[in-house]
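First up is the structure itself, then whatever we jot down about it.
There are 2 protein chains.
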Amino acid sequence: MITTPQHPKLSVMNFLSQVEFDYPAATSFASGRPSDRFFEMPRWLQSIGAFQEYDAARNGYDAAAALRRVAQYGRTNGIINDLVAKHLASDARLRCESENIIITNGCQEAISLLVQELCGERDVVLARDPTYTGITGAALGAGVSIEPVGDGDLAEALRETIARVRKAGKTPRLLYLIPDFDNPTGTVIPLAAREAILEIAREERVLILEDGTYSMFRFEGSRVESLAELDRHGSVIYLHTFSKTLCPSIRVGAAVVPAALFGDAESSRRLVNALSERKSYLAVNTSQINQAMVAGILLTEQFTLETTVSRARDFYRRNRDILTEELRAGLGAHARRVHWNRPEGGFFLVVQLPFAFGSEEMLTCANDYSVVVMPMSFFSLTNGHRSTVRLAYSNLDPSQLSVGAHRLARFILDRIGAN
Amino acid sequence: MITTPQHPKLSVMNFLSQVEFDYPAATSFASGRPSDRFFEMPRWLQSIGAFQEYDAARNGYDAAAALRRVAQYGRTNGIINDLVAKHLASDARLRCESENIIITNGCQEAISLLVQELCGERDVVLARDPTYTGITGAALGAGVSIEPVGDGDLAEALRETIARVRKAGKTPRLLYLIPDFDNPTGTVIPLAAREAILEIAREERVLILEDGTYSMFRFEGSRVESLAELDRHGSVIYLHTFSKTLCPSIRVGAAVVPAALFGDAESSRRLVNALSERKSYLAVNTSQINQAMVAGILLTEQFTLETTVSRARDFYRRNRDILTEELRAGLGAHARRVHWNRPEGGFFLVVQLPFAFGSEEMLTCANDYSVVVMPMSFFSLTNGHRSTVRLAYSNLDPSQLSVGAHRLARFILDRIGAN
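In order, the protein sequence lines correspond to chains A and B. Under the numbering used here, residues 5 to 423 are what the first sequence spells out, in order. Under the numbering used here, residues 5 to 423 are what the second sequence spells out, in order.
Here you go:
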């Protein structure tokens, strides 16, 4: 008999997708998908031509040869690294050499590669609680344990967690963070905390995986420098993706290894090579067709996706506002018993309820109120956060947001007996 | 300091690519790339439209909506499984249900997923010696040991290997085979051996990974039924790819789980779900843009790639003949001291030399004779096969083949002192 390892956490992502399939008529706040109204697929597919021309010119062959090269096997770490470096310089204010970039099948492959490459069985991945299920799954799937960094002051909690892990005879190896508009909490790590975290990373030799997925989606307030920008000690690997700025099925992301890992350039070079080898056995390389699309768009847009992103960002900001206003309206006088944050960007809102909300409540909402929301406990490493829910507002139209908010409000009112 | 695990075998693939970069002027028999002269990228990109129409019609929405759906996140296991099932029925004579198919980032991702999902630390992957470096890398990268099945009668050697593994307290879990036009040996496993292997797999509960990458490239002789076709006990997972029939950068492959794994349908269902979950944390899903391209081509071609493949196949057959003729001509009277097979299909020829051929000889050939060939020992799990080389003839023009064959012959003649 074939047996497969059972990881309780591994079932979350599939469980969630299933809920959406099971309730097609419900308004779904479940999944953090970019709005498809801004996808420009016909133009994006055409943009392969822009890369073709560019590649032909720089290599001195004709456009047909450039397209054949795109279709063939190629460099494991990618063929558009120099163009992505220019894009990162422009849109993430990140300076990096193209040889330190590994182009991946989305950000998720970068996460998996890094966890598999860097963590042995006595190593631990650290993450906030709640956190993105992609890091939890990547760690547990690789047989690596993941330890929650407690609430409260993040730097202080991080020190405590590291001490606890070391005391248990394990090594804290990686710290996964989404500093801008976190998934699932929507929060931003303040500058002072970022600086403190970097100092701890340096002292403790913990490598930070900074996931910049939502960084271009700031609605208001001042931009906070990224951990990679602030890093002076080679302690941050920056993770990038085009899934939200272009579209998810482009499946192109990147990992940026610092020039000198904890001050050691040779160590960086070795890590890039090791990731390259691991990637070659995981999936050979990232489709060069998709890389050519991304490259063509970057060439056409002078390396910045600011214009591409701006309309979607405005839409998401308005969605956040509509959602909170409609929730307030739906709850009426009882709104004061329910709390939510006002994220300065990103895709997610967190609602704190005056009662526990788990699988059962999720199913009740879906079955009886035609609204799907994610219990925050699904993202928790401690099975905590039992009375909060995550609402993704990115892929709903204003009318759907309004209907969904009122359905959720109705459920809340019924549950607290306010009729 | 970040340390990375060192696997000696993991360096082969990168070492090989480097050789090709280092000697751009040399004739390279190194890499088993399909010939790019048959790539039809412009038409293949257009074929996304055929899938769009099909998908719009079956779902009752317009073509623009279908394209937005392609661009969005989607089902982890793929969105073209039913079309791939029809293609497999037509071109691999394989009957399977679409829910047992997992669409992957090429065949390599399927291999990695299966090894990671099915093998624990006491499990062993079995493979022929020499074998494809992709299985070696996937196993060692996952911390799973790989055991060579000895030479001679394959079924007998398999029994002996299984007994030896069990005696060492380990469990033989997977057997990886390319039964048609093996990489790197070019050989075909005869029908009787296939039947014997299936019987052993059933008795010993060893799951066979049948890699069908080269199956459509038979030049002559009778087709041998695949292991998956012959399988009556649910002991074969069939691995499929479009990298050779279409082009490598399409990055679409598939794993087909049998309807009832060793007779147990529930076990199959669990494995499909487990692979789906693992895939979601490895790379979310396979780009739906690439899936739409494949699907559009399959729809246009009535699910068979026979016409698409036929011209390339004729080209490869002629290439095999040119290579062997030119080798013979170049070696002249000394040809009798050098032996090669006459593969009935595929991309690879094996040449047996009257002297050892390793890294040093490879570099001499590249530096002094401008010809790159792969020592077979690079593909060996035992560091054996020290006097054979692998010649890939698939991606060279007739004139290159001739030049390369004469350069290799010159090296051989010089080495055996026949001047």
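Glycine included, each C-beta is placed from N, C-alpha and C at the ideal position.
Secondary structure of A:Gln76 (DSSP, three-state): coil.
When A:Glu365, A:Ala114 and A:Ser284 are compared, the shortest CA-CA separation from B:Gly145 is found for A:Ser284.
Counting the other CB atoms within 10 Å of its CB gives A:Phe361 a total of 16 or more, which places it among the buried residues.
Membership of B:Leu179 in the beta strand (DSSP E) is indicated by the continuous run Thr175 to Leu181.
From the listed residues B:Asn371, B:Val407 and B:Asn399, the smallest Cα separation to B:Ser39 is found for B:Asn399. Taking 8 Å as the cut-off, the Cβ atoms of B:Phe223 and B:Arg321 count as close. Using a Cβ-Cβ cut-off of 8 Å, A:Tyr65 does not count as an interface residue toward chain B, since no Cβ of chain B sits closer than that to its own.
Linking A:Gly141 to A:Pro347 through their CA atoms gives a straight-line distance of about 26 Å.
For secondary structure counted as the beta strand (DSSP E) over 3 or more consecutive residues, the segment 361-410 of chain A holds these complete runs in sequence order: 392-396. Within the segment 210-263 of chain A, the beta strand (DSSP E) runs of at least 3 residues that lie entirely inside it are, in chain order, 211-215, 240-245 and 257-260. DSSP, read as helix, strand or coil, puts A:Asp59 in helix. At least 8 Å separates the CB of B:Ala60 from every CB of chain A. When DSSP assignments are scanned along the segment 280-329 of chain B, the uninterrupted stretches of alpha helix (DSSP H) that are 4 or more residues long and fall wholly within it turn out to be 292-304.
Against A:Gln112, the close residues of chain B are Ser284, Tyr285, Leu286, Ala287 and Val288, in the order they occur along the chain (beta-carbon pairs closer than 9 Å). In this structure, the CA atom of B:Ala287 is about 25 Å from the CA atom of B:Met45. Here the alpha carbons of B:Glu270 and A:Ser239 stand approximately 46 Å from one another.
Residue range Phe352 to Gln356 is occupied by the beta strand (DSSP E) that includes A:Leu353. By DSSP's assignment, A:Val153 forms a beta bridge with A:Arg132. For A:Thr137, the three-state secondary structure derived from DSSP is helix. Rounded to the nearest angstrom, the gap between the Cα atoms of A:Gln292 and A:Phe42 is 23 Å. For B:Ala75, at least one C-beta of chain A is nearer than 8 Å to its own C-beta. Taking 8 Å as the cut-off, the Cβ atoms of B:Gly190 and B:Leu353 count as close.
Under DSSP, A:His343 takes part in a beta bridge, and its partners are A:Gln356.
Its chain contains Val261 and Leu265 as the residues whose beta carbon lies nearer than 7 Å to that of A:Leu275, once the 5 sequence neighbours on both sides are disregarded; these appear in chain order. Within the same chain, Asn187, Phe351, Phe352, Ala396 and Ser398 come within 7 Å of B:Gly36 by CB-CB distance, once the 5 residues on both sides are set aside.
Interface annotation, B:Gln292: in contact with chain A, CB-CB separation under 8 Å. If you check the CB distance, A:Glu229 and A:Asp95 do not come in under 8 Å.
Shortest Cα-Cα distance from B:Gln295 to any of B:Glu199, B:Asn109 and B:Thr308 involves B:Asn109. Under a criterion of Cβ atoms nearer than 8 Å, no residue of chain B is adjacent to A:Met220; the nearest Cβ is some 18 Å distant. Closer than 8 Å to the CB of A:Ile212 there is not a single CB belonging to chain B. In terms of Cβ geometry, B:Val119 and B:Thr175 do not form a close pair [threshold 8 Å]. Burial check for B:Gly64: the Cβ neighbour count within 10 Å stays below 16, so the residue is exposed. Sixteen is the threshold: since fewer than 16 other Cβ atoms of the shown chains lie within 10 Å of the Cβ of B:Ala422, the residue is exposed. In the three-state reduction of the DSSP assignment, B:Thr31 falls in the strand class. In this structure, the alpha-carbon of A:Glu125 lies about 41 Å from that of A:Val313. Leaving aside the five residues that flank A:Ala75 on each side, the residues in its chain whose CB is nearer than 8 Å to its CB run, in chain order, Gln292 and Ile293.
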